[in-house]
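Novice: Each residue of the sequence shown is one higher than the one before, starting from 216 at the first, in my numbering.
Dumping the structure here so I can ask a few things about it.
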Amino acid sequence: MAAAREKLTTREYAFLGATILFWAAFVVVLGKDTSWDFRNYHWYAPYAFLHGRMAMDIAVAHQGSYFNPFLDIPFYLLATHAPSWFALAVLGAVQGATVVPLYLMGRSILRIDDYKLGAGALALLGQFGALTLSEFGTTYYDNVMSVFVFTSLAILVVNRDTLRDGPPLKAAILSAIAGLITGLATGLKLPEMPYCVGFAAALVALGGSWKQQAIRLAAGGVAGAIGVAVIAAPWMLYIWHLTGNPLFPYFNNYWQSPLALDAPYRDLRFVPTHFWRQLFFPIYFTIDWHIADDLGFQDIRVCIAYFAVIAAGIVWLLRRESPDPLTDKRGTLLLFAWVGASYLVWLRMFAIYRYIIGLEMIAGLVIVAAVGLFPLARRPRYLTLAAICFAVLVTARSDFLEKAPLADPFVEAALPPIPDPGRTMVVMAGDAPLGFIATTLPPSIPVLRIDGWFVQPRDGSGLTREMKRRVGRHLASGGDLFLIADRDDMSRARQALADYALAIRWPECQQFDTNIIGTYQWCPLARKS
216 MAAAREKLTT
226 REYAFLGATI
236 LFWAAFVVVL
246 GKDTSWDFRN
256 YHWYAPYAFL
266 HGRMAMDIAV
276 AHQGSYFNPF
286 LDIPFYLLAT
296 HAPSWFALAV
306 LGAVQGATVV
316 PLYLMGRSIL
326 RIDDYKLGAG
336 ALALLGQFGA
346 LTLSEFGTTY
356 YDNVMSVFVF
366 TSLAILVVNR
376 DTLRDGPPLK
386 AAILSAIAGL
396 ITGLATGLKL
406 PEMPYCVGFA
416 AALVALGGSW
426 KQQAIRLAAG
436 GVAGAIGVAV
446 IAAPWMLYIW
456 HLTGNPLFPY
466 FNNYWQSPLA
476 LDAPYRDLRF
486 VPTHFWRQLF
496 FPIYFTIDWH
506 IADDLGFQDI
516 RVCIAYFAVI
526 AAGIVWLLRR
536 ESPDPLTDKR
546 GTLLLFAWVG
556 ASYLVWLRMF
566 AIYRYIIGLE
576 MIAGLVIVAA
586 VGLFPLARRP
596 RYLTLAAICF
606 AVLVTARSDF
616 LEKAPLADPF
626 VEAALPPIPD
636 PGRTMVVMAG
646 DAPLGFIATT
656 LPPSIPVLRI
666 DGWFVQPRDG
676 SGLTREMKRR
686 VGRHLASGGD
696 LFLIADRDDM
706 SRARQALADY
716 ALAIRWPECQ
726 QFDTNIIGTY
736 QWCPLARKS
């Protein structure tokens, strides 16, 4: 059966548009993002880049101080130049746009009578995943990157016949467009890299002659590399010039930047190392979300999809699959290749659940494709899918993050008056995310994070040596020095300051809050006698 179907109707466009508008309104109703990452670097990173503070401040947002800010810049500019509700509405609309490629893929490969209704239901089911729901309105951007990777995949799914047997030039162009989109996603957010491998696997799974496969892989690979380079290369070159490591601070055991330690700095807390744990990892994180993320969720769909695909693959290899599948076989193979390769690379590299939130979104379609291959009559397969859908809906739980009320400006801090900003320096201490507060200070004030989970006063890193030198020079010039810390981190801050021969002038400390979340301390500092 041909992959292409009739053009979308007015009713279908209305469905897609209404869904996107719903998510825009949903995000506005939720309010402002107060997530850890937003307070740490998603607001600070674009501010630091756009205001030329990369060499002025040091480690304000821990490792996030040196992440590529290009993904954060659009929302930052929108939220600083437009009302908060409008910025959030745009963010929600973009995140809700995943409905378009999800619907197009389901519409293209479903082989049931009401395929449009089925595609719409699966697309909506994908958007109501546990962690997907939690990420709406946040700046984690995993569900923004899903728009990119799903668009790329949808190009392959919808045009699978042309890519396999059509004119080589057209196949090359389609592969290049899809590869470019996947590359752009990876350039914007490097943890999207597993989807590059999934994309390559999908190109191979399309089949066809060796010539056709070579053309697809060459066009998709070159375009993908260009997409990564366009976004990531300028930033990597800049950070390399600034620090001596284009991925600073990651893989510094290889790049040997003098500013950081001889360490990889990767977050390997969740990566399973034993075979049986790797094999049954979906069961582990389905039972206990702490196994694979710092964000709470409860959702069984990825686990079900994992085992359903394995079972369907065995049935297929044994040539016992149903002669009446629920999805197009070529599209199913493409889908399985993309999902399987992406998952395996993710498992070895990250094993952080939100990095594969795309698999949570597409799990419904994957489960239908897998169950659709089982050698059963249609009625038992429909009943099986209905039971799975019911189980997914009743067991899913989203742990929504606390939100802040809508207010303008988007970020504001009630800091005490600063007598002489031109002669002032601020230091930060503790693990709490404080980057967003730095954006509210007068632009002439340098901010140094002397203590956190990236640098500590006694770590011997080049950044710590540079900060001690700058603090000493500032005090020698007679400048004012202040501390900003979370109120729960004051004991740790006192210890960190002691290593800088500094003391907190406790009677003069003042407490302040922000329009986002939290209560913080503003304390003048003095040399420790």
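C-beta atoms are modelled at their ideal positions from N, C-alpha and C, and glycine is treated no differently.
Can you list, in chain order, the residues of its chain whose CB lies under 7 Å from that of Val641, leaving out five sequence neighbours each side?
Specialist: As a position in the sequence shown, residue 641 is number 426, starting the count at 1. Closer than 7 Å at the Cβ level, and outside the excluded window around Val641, lie Leu656, Ile660, Val662, Phe697 and Ile699.
Novice: How close, in whole Å, do the beta carbons of Ile370 and Ala393 come, if the pair is a contact with beta carbons under 8 Å?
Specialist: As a first step, residue 370 must be located in the sequence shown, where it is residue number 155. As a first step, residue 393 must be located in the sequence shown, where it is residue number 178. Contact flag correct, Cβ pair sits at about 4 Å.
Novice: Return the residue from the list Glu723, Arg563 and Ala475 that minimises the CA-CA distance to Ser676.
Specialist: As a first step, residue 676 must be located in the sequence shown, where it is residue number 461. Looking at the Cα atoms, Ala475 is the closest of the given residues.
Novice: Tell me the DSSP bridge mates of Arg612?
Specialist: Residue 612 sits at position 397 when you count from the first residue of the sequence shown. Answer by DSSP bridge pairing, in chain order: Gln513.
Novice: What did DSSP end up calling Thr734 once you bin it into helix, strand or coil?
Specialist: Residue 734 sits at position 519 when you count from the first residue of the sequence shown. Strand.
Novice: Which residue or residues does DSSP assign as beta-bridge partners of Asp248?
Specialist: In the sequence shown, residue 248 corresponds to position 33, counting from 1. Lys618, per the DSSP bridge assignment.
Novice: For Val524, count neighbouring C-beta atoms within 10 Å of its own C-beta (all shown protein chains included) and say buried if the count is 16 or more, exposed if not.
Specialist: Numbered from its first residue, the sequence shown carries residue 524 at position 309. Under this definition Val524 is a buried residue.
Novice: Between the C-alpha atoms of Leu325 and Leu332, what's the straight-line distance to the nearest angstrom?
Specialist: Along the sequence shown, one-based indexing puts residue 325 at 110. Along the sequence shown, one-based indexing puts residue 332 at 117. Approximately 10 Å, taken between the alpha carbons.
Novice: In the DSSP assignment, find the unbroken alpha helix (DSSP H) run with Gln726 in it and report its ends.
Specialist: One-based indexing of the sequence shown puts residue 726 at position 511. No alpha helix (DSSP H) contains Gln726, which is instead part of the beta strand (DSSP E) from Gln725 to Asp728.
Novice: Which residue marks the beginning of the beta strand (DSSP E) containing Val662, and which one marks its end?
Specialist: In the sequence shown, the residue the question calls residue 662 occupies position 447. Counting along the chain, the beta strand (DSSP E) containing Val662 begins and ends at Val662 to Arg664.
Novice: Closer than 8 Å is the cut-off here; do at least three beta carbon pairs connect the segment 541-556 with the segment 461-475?
Specialist: Segments in contact, no.
Novice: Using a Cβ-Cβ cutoff of less than 6 Å, which residues in the same chain neighbour Gly398 once the five nearest sequence positions on both sides are dropped?
Specialist: In the sequence shown, counting from the first residue as 1, residue 398 sits at position 183. The answer, listed in chain order, is Gly439, Gly442 and Val443.
Novice: Using 8 Å as the cut-off, can you tell me whether the segment 539-547 makes contact with the segment 402-418, which would need three or more C-beta pairs spanning the two stretches below that distance?
Specialist: no
Novice: Just the C-alpha distance for Arg707 and Trp721, rounded to the nearest angstrom, thanks.
Specialist: Against the sequence shown, residue 707 aligns to sequence position 492. Against the sequence shown, residue 721 aligns to sequence position 506. Straight-line Cα distance between these residues: approximately 14 Å.
Novice: So which of Thr354, Ala420 and Asp357 has the shortest CA-CA distance to Leu378?
Specialist: Looking up residue 378 in the sequence shown gives position 163. The residue with the shortest Cα to Cα distance from Leu378 is Ala420.
Novice: Would Glu575 and Asp514 be called neighbours here (beta carbons separated by less than 9 Å)?
Specialist: Locating residue 575 in the sequence shown gives position 360, where the first residue counts as 1. Locating residue 514 in the sequence shown gives position 299, where the first residue counts as 1. Contact: yes.
Novice: With a threshold of 16 other CB atoms inside 10 Å of the CB of Glu350, please say whether the residue is buried or exposed.
Specialist: Position 135 of the sequence shown, counted from the first residue, corresponds to residue 350. Glu350 counts as buried, since no fewer than 16 other beta carbons sit within 10 angstroms of its beta carbon.
Novice: What's the C-alpha gap between Val275 and Ile571?
Specialist: Indexing the sequence shown from 1 puts residue 275 at position 60. Indexing the sequence shown from 1 puts residue 571 at position 356. Looking at the two C-alpha atoms, the distance is approximately 28 Å.
Novice: Which class does Gly241 belong to by DSSP, given the choice of helix, strand or coil?
Specialist: Within the sequence shown, residue 241 is the residue found at index 26, counting from 1. The displayed chain sequence assigns Phe, not Gly, to residue 241. Helix.
Novice: Which term fits Ala217, buried or exposed, when burial requires 16 or more other beta carbons within 10 angstroms of its beta carbon?
Specialist: Here residue 217 is taken as the residue at index 2 of the sequence shown, counted from 1. With a pLDDT of only 44 at Ala217, under the threshold of 50, the placement of this residue in the model should not be trusted; the figure read from the coordinates follows. So Ala217 ends up on the exposed side.
Novice: Please determine, among Gln278, Leu292, Ala233 and Arg322, the residue with the shortest C-alpha to C-alpha distance to Lys222.
Specialist: Counting from one through the sequence shown, the residue named residue 222 turns up at place 7. Of the listed residues, the one whose Cα sits closest to Lys222 is Arg322.
Novice: Helix, strand or coil, according to DSSP, for Pro739 in the structure here?
Specialist: Along the sequence shown, read from residue 1 onward, the residue named residue 739 stands at position 524. In the structure shown, the three-state DSSP call for Pro739 is strand.
Novice: Residues in its own chain within less than 8 Å of Val372 by CB, not counting five upstream and five downstream?
Specialist: Reading the sequence shown from its first residue, position 157 is the one you call residue 372. If we look at Val372 and ignore the five residues flanking it on each side, its Cβ neighbours are Ala218, Leu319, Met320, Ser323, Ile324, Gly546, Leu549 and Leu550.
Novice: Within 8 Å, do at least three Cβ pairs link the segment 271-285 to the segment 447-466?
Specialist: As far as the Cβ criterion goes, the segment 447-466 touches the segment 271-285, which means the pair count is three or higher.
Novice: Are there three or more Cβ pairs, one per stretch, closer than 8 Å when the segment 230-242 is compared with the segment 622-633?
Specialist: no
Novice: Secondary structure at Ile567, three-state DSSP: helix, strand or coil?
Specialist: Here residue 567 corresponds to residue number 352 of the sequence shown, with the count starting at 1. Residue state, collapsed to three classes: coil.
Novice: Specify, as a first and last residue, the run of the alpha helix (DSSP H) that Asp376 falls within.
Specialist: Taking the sequence shown and counting its residues from 1, one reaches residue 376 at position 161. Here the alpha helix (DSSP H) through Asp376 covers Arg375 to Asp380.
Novice: Using DSSP with H/G/I as helix, E/B as strand and the rest coil, what is Thr655?
Specialist: Within the sequence shown, numbered from 1, the residue matching residue 655 stands at position 440. Thr655: coil per DSSP, three-state reduction.
Novice: Using DSSP's beta-bridge definition, name the partner residues of Leu698.
Specialist: In the sequence shown, residue 698 corresponds to position 483, counting from 1. BP columns for Leu698 point to Val642 and Cys738.
Novice: Report whether the distance from the Cβ of Trp491 to the nearest heavy atom of the ligand ADP is below 8 Å.
Specialist: Looking for the ligand ADP in the displayed structure turns up nothing, as the structure carries no ligands at all.
Novice: With a threshold of 16 other CB atoms inside 10 Å of the CB of His277, please say whether the residue is buried or exposed.
Specialist: Taking the sequence shown and counting its residues from 1, the one referred to as residue 277 is at position 62. Its Cβ being crowded by 16 or more others within 10 Å, His277 is buried.
Novice: List the whole-angstrom C-beta distance separating Tyr480 from Pro464, where the pair is believed to meet the contact cut-off of C-beta under 8 Å.
Specialist: As a first step, residue 480 is located in the sequence shown; it is residue number 265 there, counting from the start. As a first step, residue 464 is located in the sequence shown; it is residue number 249 there, counting from the start. At roughly 5 Å, the Cβ-Cβ gap stays under 8 Å, so Tyr480 and Pro464 are in contact.
Novice: What alpha helix (DSSP H) runs, 4 residues minimum, are completely inside the segment 507-551?
Specialist: 516-532
Novice: Using a Cβ-Cβ cutoff of less than 6 Å, which residues in the same chain neighbour Ala391 once the five nearest sequence positions on both sides are dropped?
Specialist: Sequence index remark: in the sequence shown, residue 391 carries index 176 (1-based). Taking C-beta separations shorter than 6 Å and ignoring five residues to either side along the sequence, the partners of Ala391 in its chain run Ala434 and Ala438, following chain order.
Novice: Given this structure, state the Cα-to-Cα distance separating Ala611 from Thr458, to the nearest angstrom.
Specialist: Taking the sequence shown and counting its residues from 1, the one referred to as residue 611 is at position 396. Taking the sequence shown and counting its residues from 1, the one referred to as residue 458 is at position 243. Answer to the nearest angstrom: the Cα atoms are 44 Å apart.
Novice: Which of helix, strand or coil does DSSP assign to Leu717?
Specialist: Residue numbering aside, residue 717 sits at position 502 when the sequence shown is read from its first letter. If DSSP states are grouped into helix, strand and coil, Leu717 belongs with the strands.
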